[in-house]
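Asker: Supplied in structure tokens, the structure appears directly below.
Number of protein chains: 4
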Amino acid sequence: MENKPLIVLNFKTYAESMGEKAVRMAKFCEEVSVDSEVDIIACPQIPDIYRVANAVKIPVFAQHIDAVGAGSYTGHITADCVRSAGAKGTLINHSERRLLLSEIDAALQSAKKAGLTTIVCTNNIAVTSAAAALSPDFVAIEPPELIGSGNPVSKANPEIVSGSVSAVKKINPRVKVLCGAGISTGDDVAAAIELGTEGVLLASGVIKAKDPKAALFDLVKKI
Amino acid sequence: MENKPLIVLNFKTYAESMGEKAVRMAKFCEEVSVDSEVDIIACPQIPDIYRVANAVKIPVFAQHIDAVGAGSYTGHITADCVRSAGAKGTLINHSERRLLLSEIDAALQSAKKAGLTTIVCTNNIAVTSAAAALSPDFVAIEPPELIGSGNPVSKANPEIVSGSVSAVKKINPRVKVLCGAGISTGDDVAAAIELGTEGVLLASGVIKAKDPKAALFDLVKKI
Amino acid sequence: MENKPLIVLNFKTYAESMGEKAVRMAKFCEEVSVDSEVDIIACPQIPDIYRVANAVKIPVFAQHIDAVGAGSYTGHITADCVRSAGAKGTLINHSERRLLLSEIDAALQSAKKAGLTTIVCTNNIAVTSAAAALSPDFVAIEPPELIGSGNPVSKANPEIVSGSVSAVKKINPRVKVLCGAGISTGDDVAAAIELGTEGVLLASGVIKAKDPKAALFDLVKKI
Amino acid sequence: MENKPLIVLNFKTYAESMGEKAVRMAKFCEEVSVDSEVDIIACPQIPDIYRVANAVKIPVFAQHIDAVGAGSYTGHITADCVRSAGAKGTLINHSERRLLLSEIDAALQSAKKAGLTTIVCTNNIAVTSAAAALSPDFVAIEPPELIGSGNPVSKANPEIVSGSVSAVKKINPRVKVLCGAGISTGDDVAAAIELGTEGVLLASGVIKAKDPKAALFDLVKKI
Chain G
1 MENKPLIVLN
11 FKTYAESMGE
21 KAVRMAKFCE
31 EVSVDSEVDI
41 IACPQIPDIY
51 RVANAVKIPV
61 FAQHIDAVGA
71 GSYTGHITAD
81 CVRSAGAKGT
91 LINHSERRLL
101 LSEIDAALQS
111 AKKAGLTTIV
121 CTNNIAVTSA
131 AAALSPDFVA
141 IEPPELIGSG
151 NPVSKANPEI
161 VSGSVSAVKK
171 INPRVKVLCG
181 AGISTGDDVA
191 AAIELGTEGV
201 LLASGVIKAK
211 DPKAALFDLV
221 KKI
Chain Y
1 MENKPLIVLN
11 FKTYAESMGE
21 KAVRMAKFCE
31 EVSVDSEVDI
41 IACPQIPDIY
51 RVANAVKIPV
61 FAQHIDAVGA
71 GSYTGHITAD
81 CVRSAGAKGT
91 LINHSERRLL
101 LSEIDAALQS
111 AKKAGLTTIV
121 CTNNIAVTSA
131 AAALSPDFVA
141 IEPPELIGSG
151 NPVSKANPEI
161 VSGSVSAVKK
171 INPRVKVLCG
181 AGISTGDDVA
191 AAIELGTEGV
201 LLASGVIKAK
211 DPKAALFDLV
221 KKI
Chain C
1 MENKPLIVLN
11 FKTYAESMGE
21 KAVRMAKFCE
31 EVSVDSEVDI
41 IACPQIPDIY
51 RVANAVKIPV
61 FAQHIDAVGA
71 GSYTGHITAD
81 CVRSAGAKGT
91 LINHSERRLL
101 LSEIDAALQS
111 AKKAGLTTIV
121 CTNNIAVTSA
131 AAALSPDFVA
141 IEPPELIGSG
151 NPVSKANPEI
161 VSGSVSAVKK
171 INPRVKVLCG
181 AGISTGDDVA
191 AAIELGTEGV
201 LLASGVIKAK
211 DPKAALFDLV
221 KKI
Chain S
1 MENKPLIVLN
11 FKTYAESMGE
21 KAVRMAKFCE
31 EVSVDSEVDI
41 IACPQIPDIY
51 RVANAVKIPV
61 FAQHIDAVGA
71 GSYTGHITAD
81 CVRSAGAKGT
91 LINHSERRLL
101 LSEIDAALQS
111 AKKAGLTTIV
121 CTNNIAVTSA
131 AAALSPDFVA
141 IEPPELIGSG
151 NPVSKANPEI
161 VSGSVSAVKK
171 INPRVKVLCG
181 AGISTGDDVA
191 AAIELGTEGV
201 LLASGVIKAK
211 DPKAALFDLV
221 KKI
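Chains as they are written, first to last, in this note's numbering: chain G, 1 to 223; chain Y, 1 to 223; chain C, 1 to 223; chain S, 1 to 223.
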């Protein structure tokens with residue numbers, strides 16, 4: 001995942017990307033990734049990680065982990081368990097699954113110990129700075145009001161993206177920046193890269209597309 | 001699961017029952033269940049449901065589901081997804097993963113639609129009554145202070161168990177009652193049955209035992 | 001608060017009913033209560049309880065209490081403290097401040113010990129039943145989708161109100177039922193009473209009215 | 001609060017510092033502050049802010065505010081309301097009342113608009129860095145395991161204090177650093193100042209002391 005932009009596809013809890021359909025969606029990602037040589041990461045629902053990770057060679061990430069490890073934590077999602085199910089990384093603090101500040105830190109520490117790549121989602125420039133201070137691998141700036149809007153952050157609010165890139169450079173230049181919210185086309189991706197990000201995080205633009213594979217091919221066309 | 005008592009084994013996030021070890025633990029459950037003709041339910045970590053459910057014939061339950069369904073709910077655990085991964089039921093509101101009252105109701109509704117058997121965990125007689133009013137299949141009374149104590153609720157606090165059984169009979173007699181906390185031996189199970197429950201919910205008594213299979217055989221010996 | 005219907009006015013965090021304006025709004029309530037002989041309860045923001053309770057003779061209720069008591073609970077709202085500030089009761093589990101099931105129970109226990117009258121808010125008939133099983137003084141059924149809508153629950157969804165009244169009678173007949181959501185006129189109140197409730201819980205219908213005092217007088221006109 | 005160290009006294013929900021006793025405790029703080037010319041800030045329970053702020057001339061801070069403002073936020077604590085009740089500042093994210101990262105940011109923005117001084121509590125150096133990136137007036141590093149221990153952070157874990165001071169200098173040098181946990185004597189305060197902090201945050205060391213006024217005098221003796 002070094003030089004080329006990165007596409008992170010969040011399956012959310014959409015019916016179109018659950019169970020057997022999660023495997024099918026991940027295979028589309030794999031096909032487009034192989035064809036385009038662009039890294040595409042699939043983020044299925046947590047109960048689907050194992051079967052998706054066993055069906056494809058592209059990286060599979062969890063959508064969330066909790067801040068706890070082995071122990072009396074019934075119902076929690078641990079870094080170790082998603083790792084053993086085949087995940088190579090995880091989203092943390094997605095706008096639909098926010099965490100306490102202290103939990104983000106603890107989840108990052110668990111993820112690092114488990115060898116997971118981490119993407120901390122943020123909602124504005126100040127929060128991006130704070131997240132960068134915790135040294136995740138990536139931050140992903142996603143203004144909540146644009147998520148699922150079809151109105152791409154890279155065009156609707158380019159300042160929040162470039163501002164996040166600058167803020168992260170100041171705080172912790174080893175952290176890479178993604179952006180998300182409203183992304184659905186190759187033009188949106190190109191605009192995101194132009195603003196200094198290393199790639200995008202998206203969901204409905206592909207998952208809810210009539211032809212998800214075509215949508216994926218469109219996404220990578222300008223990379 | 002009709003006439004004989006029921007053993008529900010919660011794997012929590014213990015290292016001893018994660019990943020491949022979850023499969024191994026579930027196979028112990030299966031072996032003891034087949035041998036004893038006692039229903040034993042395995043509750044592995046959520047990312048482990050798929051591989052455990054594919055490896056054994058006994059019922060596999062989730063440790064938790066969230067109150068949401070298909071949609072923009074990144075990182076949440078849905079009834080539909082754990083069902084499609086192979087779960088036949090789920091714990092809800094375990095003391096280590098409490099839910100809002102309104103979420104317990106919504107989770108129960110989702111679980112029913114998905115065809116999952118439901119066990120709502122409770123902490124005292126009043127809360128057991130409230131949970132019973134929501135019509136789950138089971139309530140499981142577990143005084144938090146006894147969980148993991150090795151001091152069995154069926155002996156340490158028999159009144160809370162028999163009181164829960166009476167309260168449920170008054171509120172909603174179709175709901176069955178389990179009890180948990182500190183259970184580790186066949187004597188504890190026998191005492192629980194004696195108090196009017198349909199079985200037990202336990203974790204460390206088996207998972208942390210030197211010989212979990214022997215511990216399981218001991219549990220069912222008086223049934 | 002025995003024989004006549006009850007009006008509970010939730011000040012929320014509206015600017016129109018904060019600080020000095022909370023005192024003014026509570027005095028309107030007092031004036032209308034004295035004039036109409038209808039019990040009106042004022043629920044100001046928590047930091048305003050003390051000065052409101054010192055300014056009026058009608059009962060002042062808190063909008064929320066937490067499930068904890070005296071101790072290391074920085075930032076929490078205890079029954080004892082709102083009581084000592086002058087509150088005579090409290091809302092618990094309002095749809096904008098939901099609690100865990102076990103917390104509702106613990107908050108009710110603290111409130112009773114502190115001598116506070118309790119109103120547990122609920123969102124549907126099943127949850128009303130569960131809340132009634134916990135023995136609060138009142139439950140208040142408020143379908144969240146109608147809150148602030150101007151579309152009164154007593155007309156938009158009379159079945160949820162009468163269904164709640166029946167459910168509570170079955171579970172715990174000592175619990176009284178209020179309803180709320182969309183209530184703003186005396187007709188809405190009359191419809192609520194007709195459905196078997198003991199009164200209403202409302203907010204914007206009065207607080208956001210051009211003339212809150214006139215709105216209050218209108219509310220009680222048919223009682 | 002510029003040149004001299006600062007003592008922030010958190011009343012928690014202790015019975016010893018509630019209601020009329022909150023006023024009494026705040027008057028002790030005022031007396032010691034006037035005598036010593038050391039700034040002492042009193043943080044009573046939220047329902048007590050109004051009467052405490054009206055009884056003393058030292059600054060009164062809230063123990064917590066929520067991330068919301070005026071509107072449909074029943075039961076929440078807003079910056080505007082605690083300000084109007086007399087608070088001059090607020091703790092945010094105390095270890096007993098943690099917030100989501102995005103809520104800390106939103107609470108800070110509300111507090112600034114309302115003219116409140118802000119102290120964000122943190123649990124380790126990484127979290128201190130993240131908090132500093134959000135530009136509060138103060139961060140207060142408090143290792144949770146030492147809170148209430150009587151084992152002062154300034155002696156038990158001086159590295160976490162000096163590490164926090166260094167981290168904040170790098171990230172955002174305008175942010176001032178306090179430390180807390182286990183502080184109870186003037187020696188503990190002196191050690192904290194020595195490590196580069198601007199003062200301390202404490203609770204039980206004074207509130208639970210047999211003679212709180214004497215404890216306060218001891219605290220300031222070396223300043």
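We put the CB at the ideal spot given by N, CA and C, even for glycine.
Counting contacts by CB-CB distance shorter than 7 Å, is A130/S in contact with chain G?
Answerer: By this cut-off, A130/S is an interface position.
Asker: Once the 5 residues before and after M18/C are set aside, which same chain residues still bring their CB inside 7 Å of it?
Answerer: Here the set comprises Q45 and D48.
Asker: Keeping to the same chain, check which residues put their C-beta closer than 6 Å to that of K213/G; ignore five residues upstream and five downstream.
Answerer: Excluding sequence neighbours, K213/G sits near F28.
Asker: Give me the Cβ distance between G199/G and I7/G, rounded to the nearest whole Å; I'm assuming they're in contact under 8 Å.
Answerer: The Cβ separation is near 6 Å, so the contact holds.
Asker: Once DSSP output is grouped into helix, strand and coil, what is the label at T128/Y?
Answerer: Reduced to three states, the DSSP call for T128/Y is helix.
Asker: Determine the closest residue to G75/S out of N93/C, R83/C and G86/C, with distance taken between C-alpha atoms.
Answerer: Ranking the options by Cα distance to G75/S, first place goes to N93/C.
Asker: Classify G89/C as helix, strand or coil using the three-state DSSP reduction.
Answerer: Note: G89/C maps to strand in three-state DSSP.
Asker: Does the distance from the C-beta atom of L99/S to that of I119/S stay below 7 Å?
Answerer: No; because the gap between Cβ atoms is not below 7 Å, this pair is not in contact.
Asker: How big is the Cα-Cα spacing for M1/G and F217/G?
Answerer: In this prediction, M1/G scores a pLDDT of 42, lower than 50, which makes its location untrustworthy; the coordinate-derived value is nonetheless stated afterwards. If you take the alpha carbons of M1/G and F217/G, they lie about 18 Å apart.
Asker: Is there a Cβ from chain S that is less than 7 Å from the Cβ of A15/C?
Answerer: With 7 Å as the cut-off, A15/C counts as an interface residue toward chain S.
Asker: Are there 16 or more other CB atoms within 10 angstroms of the CB of R174/S, so buried, or fewer, so exposed?
Answerer: That one is exposed.
Asker: Give the residues from the segment 169-187 of chain G that approach chain D closer than 7 Å (Cβ to any Cβ), ordered along the chain.
Answerer: Among the protein chains of the structure shown, namely G, Y, C and S, there is no chain D.
Asker: Which value, in whole angstroms, describes the spacing of the CA atoms of Y50/Y and A87/Y?
Answerer: Rounded to whole angstroms, Y50/Y to A87/Y spans 8 Å at the Cα level.
Asker: Smallest Cα separation from D187/S: which of T78/S, S110/S and V153/S?
Answerer: Residue V153/S is the option with its Cα nearest to D187/S.
Asker: Looking only at DSSP bridge pairs, what is N10/C linked to?
Answerer: For N10/C, which the question treats as bridged, DSSP gives the partners C43/C.
Asker: With a threshold of 7 Å between beta-carbons, can R97/C be considered close to chain Y, or not?
Answerer: By this cut-off, R97/C is not an interface position.
Asker: Starting from the beta carbon of G71/Y, find every residue of chain G whose beta carbon is closer than 8 Å, and list them in chain order.
Answerer: Correct list: K12, T13 and Y14.
Asker: Do you know how far the Cα of E30/S is from the Cα of A55/S?
Answerer: Cα to Cα, the separation comes out at about 10 Å.
Asker: Note the first and the last residue of the continuous beta strand (DSSP E) segment covering I141/Y.
Answerer: Its beta strand (DSSP E) spans residues F138 to I141.
Asker: Let me check one thing: in DSSP terms, what residues is T232/G bridge-paired to?
Answerer: Since the first residue shown for chain G is 1 and the last is 223, residue 232/G is missing from the structure and cannot be characterised.
Asker: Under a three-way DSSP split, which group does K176/C fall into?
Answerer: Strand at K176/C.
Asker: Any idea what DSSP makes of L201/Y, helix, strand or coil?
Answerer: Reduced to three states, the DSSP call for L201/Y is strand.
Asker: Looking at the structure shown, is V60/Y part of a helix, part of a strand, or coil, going by DSSP?
Answerer: If DSSP states are grouped into helix, strand and coil, V60/Y belongs with the strands.
Asker: Would A114/Y pass as an interface residue toward chain C - the criterion being a Cβ-Cβ separation below 7 Å?
Answerer: Output row for A114/Y: interface = no.
Asker: Would R51/G pass as an interface residue toward chain Y - the criterion being a Cβ-Cβ separation below 7 Å?
Answerer: Cβ-Cβ to chain Y under 7 Å: yes for R51/G.
Asker: Tell me, please, whether the CB atom of E2/Y is closer than 7 Å to any CB atom in chain C?
Answerer: Only weak support is given to the placement of E2/Y: the predicted model assigns it a pLDDT of 48, under 50, and the value that follows is read from those uncertain coordinates. False, the Cβ-Cβ gap to chain C never drops below 7 Å.
Asker: Tell me which same chain residues have a C-beta within less than 6 Å of the C-beta of S164/S, skipping the five on either side of it?
Answerer: Cβ within range, chain order: I125, T128, I141 and V177.
Asker: From the beta carbon of S166/C, is the nearest beta carbon of chain Y less than 7 Å away?
Answerer: Not an interface residue.
Asker: Any idea if E103/S is buried or exposed, counting beta-carbon neighbours within 10 angstroms, 16 or more meaning buried?
Answerer: Burial call: buried.
Asker: Give me the subset of the segment 102-113 of chain Y whose CB atoms are less than 7 Å from a CB atom of chain C, sorted by chain position.
Answerer: Taking 7 Å as the Cβ-Cβ cut-off against chain C, the residues of the segment 102-113 of chain Y that qualify are S102, I104 and D105.
Asker: With C-beta atoms as the reference, is P59/S less than 7 Å away from I193/S?
Answerer: Result no, Cβ atoms of P59/S and I193/S do not sit closer than 7 Å.
Asker: Determine contact between the segment 132-139 of chain S and the segment 105-120 of chain S, defined as no fewer than three beta-carbon pairs at a distance below 8 Å.
Answerer: Enough Cβ pairs lie closer than 8 Å, so yes.
Asker: Pull up the distance between the alpha-carbon of A132/C and that of A62/C, whole angstroms please.
Answerer: For A132/C and A62/C, the distance between alpha carbons rounds to 20 Å.
Asker: If we ignore side chains and look at the alpha-carbon of each, how far apart do G109/S and E16/Y end up?
Answerer: This sequence places Gln at residue 109/S; Gly is not what is there. Taking the straight line from one Cα to the other gives about 46 Å.
Asker: Just verifying my parser: in three-state terms, what is the DSSP assignment at L100/Y?
Answerer: DSSP places L100/Y in strand when its eight states are reduced to three.
Asker: Short of 9 Å Cβ to Cβ, which residues in the segment 150-161 of chain G face chain S?
Answerer: Answer set for the segment 150-161 of chain G: empty.
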